[in-house]
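According to the working numbering, the sequence shown is numbered sequentially starting from 46. Note that CB positions come from ideal geometry on N, CA and C, so glycine has one too. Below is one structure; the comments refer to it alone.
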Amino acid sequence: MGESMILKRLSNYIETHQYVAESRLLSTFHISREGVAPMLAVLMQRGHIKKIVNTRGDRLSAQIFYSWQKDKMIPLVSVV
Numbered sequence: 046m047g048e049s050m051i052l053k054r055l056s057n058y059i060e061t062h063q064y065v066a067e068s069r070l071l072s073t074f075h076i077s078r079e080g081v082a083p084m085l086a087v088l089m090q091r092g093h094i095k096k097i098v099n100t101r102g103d104r105l106s107a108q109i110f111y112s113w114q115k116d117k118m119i120p121l122v123s124v125v
């Protein structure tokens, strides 16, 4: 499957679900975190996808989510 096809599928999935955990993307698309990160960075640059990092304190690892923004925006990462 070509890179543009995977990018389109990722974009469509996030748009359909509106708010998606990175772990769900990894399992749904059978891809590693190292593999999906650059693809999501490309999609974020296009302006519809926002990355949200939930830090959850000192003892738990961060949770990463991606959300779809109807209107284009500058690339944004929110840390909560």
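Name the one or two DSSP bridge partners that residue i has.
i, result
"residue 112", "64 and 95"
"residue 124", "98"
Within this structure, are the beta carbons of residue i and residue j separated by less than 8 Å?
i, j, result
"residue 52", "residue 89", "no"
"residue 81", "residue 98", "no"
"residue 59", "residue 113", "yes"
What are the start and end residues of the alpha helix (DSSP H) that includes residue i?
i, result
"residue 81", "78 to 90"
Could you check which residue in the options has the C-alpha nearest to that of residue i?
i, options, result
"residue 102", "92, 87, 124 and 68", "124"
"residue 61", "108, 93 and 118", "93"
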